[in-house]
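Trainee: Input: one structure, supplied below.
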Amino acid sequence: MPSVKPETLTPSSETKVKKTKSIITSETAGLESSNKKKEKKVKKNKSTENSSDSEKSDKKIKRKRKASSDTDNDEGSEIVEPVNLEIEEAVKKSKKKKMKTVEVDVKEAGSKEEDPNSVSNFRISEPLKNALKAKGIEALFPIQARTFDSIFDGLDLIGKAKTGQGKTLAFILPILESLINGPEKATRRTGYGRAPTILVLLPTRELAKQVYTDFKYYGEAVGLTSCCLYGGGGASISPQTVQLKRGVDIVVGAVGRVKDHIERGNLDLCSLKFRILDEADEMLRQGFVEDVEYILGKVNDATKVQTVLFSATLPAWVNHIASKFLKPNKKIVDLVGVQVMKASESVRHIIMPCSWSARSQVIPDIIRHHSSGGRTIVFTETKDYCSELSGLLPGARPLHGDIQQSVREATLAGFRTGKFMTLVATNVAARGLDINDVQLIIQCEPPRDVEDYIHRSGRTGRAGKSGVAITLYEPRKANISKLEREAGVKFEHISAPQPADIAKAAGGDAAEAIIQVADSVIPVFKSAAEELLNSSGLTPVELLAKALAKSIGYTEIKKRSLLTSMENYVTLLLEAGRPVYTPSFAYGVLRRFLPEEKVESIQGLALTADQRGAVFDVAEEDLNTFLTGQENAAGVSLEVVKELPQLQEKEQSRGRFGGGGGGGFSRGRGGGGGFSRGGRGGDRRNDRFSRGGGGGRGGYRKW
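Listed below in structure tokens is the structure:
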């Protein structure tokens, strides 16, 4: 029998050691590279955990996918402990760590999948990433994400997306990156007097200023200089000329002023690498067809210039420009599709009946009720009414083409920064202006064209946010169904907010304000309050209610018509037991039981859509006369309307949504109204036509 060496263990102790080593080996996942003399049983149970480098690496990846190499070493040393420690406890710890690592991995992988448009996924350099981060931008919008690579790689591109989807940044980012770090880097000039490398054309000076602001911000982040070319409103051409002579990298300008500088020899396009047409369809609408083609044609070698065109729609002229000035291999990115242009789906579209005379009274209440304290833009059809209405709305400012450019810029800046919250504007502000957080749009009447409605309502609900667009109209003059159909919206039909509702909401704010008043005022007013309480005959609650009302400017609560929104008027529904096809028939029924002067005093008569009756407004003081009078007319029903029924509209084969003359509803014949050619018949008394002779024939406006 061979002699036993001193260090040799007994069979029983040797078995225990083997078992212990087996457990340790299974949990350390092959981290004990120094253990070269493992027992045979251990190798058999854990054959996959050999000391080979590849097998060790596989195990480490599974157990420590996200942990650092330092952490790996630390955990390994924690698991391989002397035999006299509690082995089972170490095993449990190791298992818990494994489970935690797996959970973290799953969460991190999930977060990456949820944000495919993250800025980090695009070829954007650190300076621009930092500039985006400062603006709170962590991911690109769909139009930006889908066009970035094509523009960066030098392809001509047509981008089509609905308004408010971030088209401006879609061309700024890839073009700047291409110029600084892309294919055009080697050809970039930096000397004094250099000609611009980038030219951006816009239809209006407001849009030019807006895009210039963005280009200037991101351009400066990568060391590029910009200038903005625009005219009108007293804008001098001399400072712009000086900038161009010194040399700039980026020129952003309105079409008319850019053409002017080219003709004067101030703007040289010999070094141009990028040309961008933004809001191309609006250039067509504003009559810049020849000017745009003139500017694009001034490039010496179009094959060396990348052209990018962005538009909300693609009319024939835009397609013509694309085929003439863009390369055959151009890329088309369409986020709208072949469908007809539709209004924003993130906007709540509301239609609200309101007579013209009541608008200035109703609009402030609409703002209080629907703006949620955010910004509001009120659109008018004329410059005169824009100025007039802005003077009637508390804290509002006007914006239209007759206002000096410097004042317009100050107005827009004040609106953006929240110095005032209500802007009254004509169409000058309806297209392309990027004003954040506009909560409410009010249109004083239905617009002339469906595109006007789409672009006006598109000033809210931008960049994934929601908004409200309210259009005021007179039912018997407007073709709301056609507007609804063409714009692709479903209007909510609601009446103007009642003064009682507005007062109730304001009362809550006033109550909170009273609580904030310092207790030190109580002794000063206490005696007057006690005297008032004793002498008024009112309860303390009633007195406090009056005090709250007075504090917010209410001395009485007036009623408001559901039909015309006029104060101190009530809306009635007339039914005669038979169909009511014409206003004349409704007036005839009323004359059966009412004096002529009362019939003549009603406002805004309109027929119901089901042809079963008519609605109209009467002065609150005449309400009892009408209700008691109908008791003497057999088969006639007259009742106060609590909710306005659906009303008939004037169908028009051509023309604007809101137009169309009305005929004389009583005594006499009025002019033709509401179709392709319609005049206005008879005299106009407040909101209805009466005793009218033949009206003239007006022209029509084609779509």
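Numbering (the numbering used here), first residue to last: 1 to 703.
Think of the CB as a built atom: it goes at the ideal place given N, C-alpha and C, for glycine as much as any other residue.
The structure presented is a predicted model; accordingly, all values stated were derived computationally and were not measured.
According to DSSP, what are the bridge partners of residue 613?
Mentor: The residue you call residue 613 lines up with position 613 of the sequence shown. For residue 613, the pairing in a beta bridge is given by DSSP as 575.
Trainee: Out of curiosity, what's the CA-to-CA distance linking residue 625 and residue 612?
Mentor: By 1-based counting over the sequence shown, the position of residue 625 is 625. By 1-based counting over the sequence shown, the position of residue 612 is 612. Looking at the two C-alpha atoms, the distance is approximately 23 angstroms.
Trainee: Applying the 10 Å Cβ sphere with the 16-neighbour rule, what's the burial state of residue 404?
Mentor: Here residue 404 is taken as the residue at index 404 of the sequence shown, counted from 1. Answer is exposed; the Cβ neighbour count stays below 16.
Trainee: Once DSSP output is grouped into helix, strand and coil, what is the label at residue 478?
Mentor: If you number the sequence shown from 1, residue 478 lands on position 478. Shown here, residue 478 sits in coil according to DSSP, grouped into three states, outside any helix or strand.
Trainee: Taking the alpha-carbon of residue 643 as reference, which of 493, 609, 588, 546 has the nearest alpha-carbon?
Mentor: Taking the first residue of the sequence shown as position 1, residue 643 is located at position 643. The shortest C-alpha separation from residue 643 is found at 493.
Trainee: Nearest to residue 610 by alpha carbon, out of 648, 446, 348, 398?
Mentor: Residue numbering aside, residue 610 sits at position 610 when the sequence shown is read from its first letter. Comparing Cα positions, the closest option is 648.
Trainee: Apart from the five residues just before and just after residue 590, which ones in its own chain have a Cβ nearer than 6 angstroms to its Cβ?
Mentor: Within the sequence shown, residue 590 is the residue found at index 590, counting from 1. Counting only Cβ-Cβ distances below 6 angstroms, and skipping sequence neighbours, we find 599.
Trainee: Look at the Cβ atom of residue 442, then the Cβ atom of residue 347, and state whether they are nearer than 9 angstroms.
Mentor: Locating residue 442 in the sequence shown gives position 442, counting from the first residue. Locating residue 347 in the sequence shown gives position 347, counting from the first residue. No; because the gap between Cβ atoms is not below 9 angstroms, this pair is not in contact.
Trainee: I think residue 709 touches residue 568, with their Cβ atoms under 8 angstroms apart; what is that distance to the nearest whole Å?
Mentor: Here the chain has residues from 1 to 703 only, and residue 709 is not among them.
Trainee: Using only the alpha-carbon positions, how far apart do residue 571 and residue 637 sit?
Mentor: On the sequence shown, position 571 is the one that residue 571 refers to. On the sequence shown, position 637 is the one that residue 637 refers to. Distance between the alpha carbons of residue 571 and residue 637: 14 angstroms.
Trainee: Pull the bridge partners of residue 637 from the DSSP assignment, please.
Mentor: The sequence position of residue 637 within the sequence shown is 637, counting from 1. According to DSSP, residue 637 bridges with 575.
Trainee: Where DSSP assigns a beta bridge to residue 230, which residues make up the other side?
Mentor: Indexing the sequence shown from 1 puts residue 230 at position 230. DSSP lists no partner for residue 230.
Trainee: Would you mind giving the Cβ-Cβ distance between residue 325 and residue 280, rounded to the nearest angstrom? I have them listed as a contact below 8 angstroms.
Mentor: Your numbering for residue 325 matches position 325 in the sequence shown. Your numbering for residue 280 matches position 280 in the sequence shown. So it is not a contact: roughly 11 angstroms between Cβ atoms.
Trainee: Have a look at the DSSP bridge pairing and note the partners of residue 544.
Mentor: Taking the first residue of the sequence shown as 1, we reach residue 544 at position 544. DSSP, once it has assigned bridges, lists no residue as partnering residue 544.
Trainee: Nearest by alpha-carbon distance to residue 236: which of 251, 352, 515, 260 is it?
Mentor: In the sequence shown, residue 236 corresponds to position 236, counting from 1. The option with the nearest alpha carbon to residue 236 is 260.
Trainee: Buried or exposed: residue 469, going by 16 or more other Cβ atoms within 10 Å of its Cβ?
Mentor: Sequence index remark: in the sequence shown, residue 469 carries index 469 (1-based). Buried is the call here.
Trainee: Would residue 634 be called buried (16 or more neighbouring beta carbons within 10 Å of its own) or exposed?
Mentor: In the sequence shown, the residue the question calls residue 634 occupies position 634. Exposed, because fewer than 16 other Cβ atoms sit within 10 Å of the Cβ of residue 634.
Trainee: Find out if the Cβ-Cβ distance for the pair residue 142, residue 117 is shorter than 9 angstroms.
Mentor: Your numbering for residue 142 matches position 142 in the sequence shown. Your numbering for residue 117 matches position 117 in the sequence shown. Yes, these two residues count as a Cβ contact at 9 angstroms.
Trainee: Residues bridged to residue 353 by DSSP?
Mentor: Locating residue 353 in the sequence shown gives position 353, counting from the first residue. In DSSP, residue 353 forms a bridge with 473.
Trainee: For residue 148, which three-state DSSP category applies?
Mentor: On the sequence shown, position 148 is the one that residue 148 refers to. Assigned with DSSP and collapsed to three states, residue 148 falls in helix.
Trainee: Mind checking residue 359: buried by the 16 CB within 10 Å criterion, or exposed?
Mentor: For the purposes of this step, residue 359 is taken as residue 359 along the sequence shown, with counting starting at 1. By the neighbour-count definition (other C-beta atoms within 10 Å, threshold 16), residue 359 is a buried residue.
Trainee: Within its chain, find whatever has a CB closer than 6 angstroms to the CB of residue 225; leave out the 5 residues flanking it on each side and keep chain order.
Mentor: Stepping through the sequence shown from its first residue, residue 225 is reached at position 225. If we look at residue 225 and ignore the five residues flanking it on each side, its Cβ neighbours are 248, 249.
Trainee: For a quick check, are the C-beta atoms of residue 202 and residue 278 less than 9 angstroms apart?
Mentor: Here residue 202 refers to the residue found at position 202 of the sequence shown. Here residue 278 refers to the residue found at position 278 of the sequence shown. Yes.
Trainee: When the distance is taken between beta carbons, is residue 153 closer than 9 angstroms to residue 307?
Mentor: Within the sequence shown, numbered from 1, the residue matching residue 307 stands at position 307. Within the sequence shown, numbered from 1, the residue matching residue 153 stands at position 153. Cβ distance not < 9 angstroms, so residue 307 and residue 153 don't count as in contact.
Trainee: Using the three-state DSSP reduction, which class does residue 240 fall into: helix, strand or coil?
Mentor: Position 240 of the sequence shown, counted from the start, is the residue given in the question as residue 240. Residue 240: helix per DSSP, three-state reduction.
Trainee: Within 8 angstroms, do at least three Cβ pairs link the stretch 374-389 to the stretch 496-515?
Mentor: no
Trainee: Check whether the stretch 158-176 touches the stretch 315-334, counting contact only when three or more Cβ pairs, one atom from each stretch, lie closer than 8 angstroms.
Mentor: yes
Trainee: For residue 395, count the other beta carbons within 10 Å of its own beta carbon; 16 or more makes it buried, fewer makes it exposed. Which is it?
Mentor: Taking the first residue of the sequence shown as 1, we reach residue 395 at position 395. Flag for residue 395 reads exposed.
Trainee: So residue 708 packs on residue 594, CB below 8 angstroms; how close in whole Å?
Mentor: In this structure the chain extends from 1 to 703, so residue 708 is not present and cannot be described.
Trainee: On the three-state DSSP scale, how would you describe residue 551?
Mentor: The residue you call residue 551 lines up with position 551 of the sequence shown. Here residue 551 sits in helix by DSSP.
Trainee: Can you give me the start and stop residues for the alpha helix (DSSP H) that residue 167 sits inside?
Mentor: Within the sequence shown, numbered from 1, the residue matching residue 167 stands at position 167. Per DSSP, residue 167 belongs to the alpha helix (DSSP H) from 167-181.
Trainee: So the beta strand (DSSP E) residue 404 belongs to, where does it begin and stop?
Mentor: Numbered from 1 along the sequence shown, position 404 holds the residue referred to as residue 404. Counting along the chain, residue 404 falls outside any beta strand (DSSP E), and DSSP gives it neither H nor E.
Trainee: Report all residues from its chain with a CB closer than 7 angstroms to the CB of residue 400; omit the five preceding and five following residues, and keep chain order.
Mentor: Reading the sequence shown from its first residue, position 400 is the one you call residue 400. Counting only Cβ-Cβ distances below 7 angstroms, and skipping sequence neighbours, we find 383, 386, 425, 426, 428.
Trainee: Excluding the 5 residues preceding and the 5 following residue 588 in the sequence, name in chain order all residues of the same chain whose CB lies nearer than 7 angstroms to its CB.
Mentor: For this step, residue 588 is matched to residue 588 along the sequence shown. Taken in chain order, the list of residues that qualify is empty.
Trainee: What are the start and end residues of the alpha helix (DSSP H) that includes residue 452?
Mentor: Working through the sequence shown from its first residue, we reach residue 452 at position 452. Unbroken alpha helix (DSSP H) run through residue 452: 450-457.
Trainee: Between which two residues does the beta strand (DSSP E) harbouring residue 396 extend?
Mentor: Sequence index remark: in the sequence shown, residue 396 carries index 396 (1-based). From DSSP, the beta strand (DSSP E) with residue 396 extends over 396-399.
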